[in-house]
Amino acid sequence: MEIKTPIPQQKRQYSDQTQQKFLTTTSQNDVFIDLVKQMLKSSSPQQNTPSSFSNSESSNCLNTSLGVQNNEQQTKRWWKKEEDELLKDLVQQYGPKNWKKIASNFPDRSDVQCLHRWQKVLNPSLVKGPWTKEEDQILSELVIEQGPQKWSQIAKSLPGRIGKQCRERWHNHLNPQIKKDKWTEDEDQKIIEAHKMYLFIWQQMGSYYQIITWKN
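In our numbering, the protein residues as written are 384 to 599.
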């Protein structure tokens, strides 16, 4: 069964979360694609056919596709207020570059995590308010000049803004390809069909490996 996804001429406005990568590694991507192909070939939602994938592989594949990493790879949890305060003190003490030294004061935080927390959340020079017309104009000109990829480089020309903010502003508001008029019935139907298809795939995978319990 081959699924053909129509390519729209104009892009719909969507949140930044939907732009995240579905899978993070090539090997897991291959495993996932093969698994989905098996699911689509299955004639019954509850059919259990032999598979070359182990439960651990399928579990890792599902976890990765959902944005969850193993504890061995990286600890992911919310930052506590006490951690934020400690990070602020350490940056003031060691400066905003010695991240390995700073991270050594956190039992389960990496230098990259500390860097991102500071740059994207705690840095007092970070501008979090609404975008001005001047900023929008500069951002649009920079994207036209450099292309919609080099967000960190583009952000250097916008004091207080980071690459993530620039990317979101462009894709969600400034991109001229965004279609902002009312959704058509045909577009609504395509969304419904896509939702049914992907929900079916996840249900299939859950029953196939018995690692997800779906409650109807």
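Glycine is no exception: its CB is placed at the ideal position from the N, C-alpha and C atoms.
Any non-hydrogen atom of the ligand ADP within 6 angstroms of residue 528 CB: As for the ligand ADP, it is missing from this structure, which has no ligand bound.
Assigned exposure category for residue 554 - 16 Cβ within 10 Å defines buried: So residue 554 counts as buried.
Completely contained alpha helix (DSSP H) runs for the region 461 to 549, where each covers 4 or more residues: Counting only runs of 4 or more residues that sit fully inside the region 461 to 549, the alpha helix (DSSP H) segments are 464 to 477, 482 to 486, 494 to 500, 516 to 529 and 534 to 538, in chain order.
Between the CA atoms of residue 569 and residue 579 - distance to the nearest angstrom: Their Cα atoms are separated by approximately 16 angstroms.
C-beta contact flag for residue 534 and residue 550 at 7 angstroms: A Cβ-Cβ contact shorter than 7 angstroms links residue 534 with residue 550.
Same chain only: Cβ atoms within 6 angstroms of residue 559, ignoring 5 sequence neighbours per side: Within the same chain, and ignoring the five residues on either side of residue 559 in sequence, no residue has its Cβ closer than 6 angstroms to its Cβ.
DSSP three-state assignment for residue 579, whether helix, strand or coil: Note: residue 579 maps to helix in three-state DSSP.
Contacting residues, own chain, Cβ-Cβ under 7 angstroms from residue 498 (five flanking each side not counted): Apart from sequence neighbours up to five positions away, the residues of its chain that approach residue 498 with a beta-carbon distance below 7 angstroms are 482, ordered along the chain.
Under 7 angstroms between C-beta atoms of residue 543 and residue 510: Contact flag set, yes.
Validate contact between the region 470 to 485 and the region 514 to 532 using beta carbons, cut 8 angstroms, 3 pairs: Flag = no, the region 470 to 485 and the region 514 to 532 do not touch.
Sequence-distant residues of its chain with Cβ nearer than 6 angstroms to residue 548 (five each side left out): Cβ neighbours of residue 548 beyond the five flanking positions: none.
Rounded C-alpha distance that separates residue 562 from residue 491: Our two residues, residue 562 and residue 491, have alpha carbons roughly 43 angstroms apart in a direct line.
C-alpha distance - residue 530 paired with residue 507, whole-angstrom precision: In a straight line, the C-alpha of residue 530 is about 29 angstroms away from that of residue 507.
Closest residue to residue 552 among 571, 477 and 525 (Cα-Cα distance): Of the candidates 571, 477 and 525, the one whose C-alpha sits nearest the C-alpha of residue 552 is 525.
Assigned exposure category for residue 461 - 16 Cβ within 10 Å defines buried: When all chains shown are included, residue 461 counts as exposed.
Where residue 486 falls, given that 16 or more other Cβ within 10 Å makes a residue buried: Residue 486 should be labelled buried.
Buried or exposed (CB count within 10 angstroms, at least 16 for buried), residue 522: Counting Cβ neighbours within 10 Å, residue 522 comes out buried, since at least 16 surround it.
Reduced DSSP category for residue 457 - H, G, I as helix; E, B as strand; rest coil: Legend: pLDDT at residue 457 = 48, less than 50; position of this residue unreliable, value from coordinates given subsequently. Per DSSP, reduced to three states, the secondary structure at residue 457 is coil, with no helix or strand assignment.
Exposure of residue 582, with buried meaning 16 or more beta-carbon neighbours within 10 Å: Here residue 582 is exposed, its C-beta having fewer than 16 other C-beta atoms within 10 Å.
Own chain residues within Cβ distance below 7 angstroms of residue 430, not counting five before or after: With a pLDDT of 43 at residue 430, under the threshold of 50, the modelled position of this residue cannot be trusted; read the value that follows with caution. There are no such residues.
Identity of the residue in 503, 541, 513 and 495 nearest residue 556 by Cα: Sorting 503, 541, 513 and 495 by C-alpha distance to the C-alpha of residue 556 places 513 at the top.
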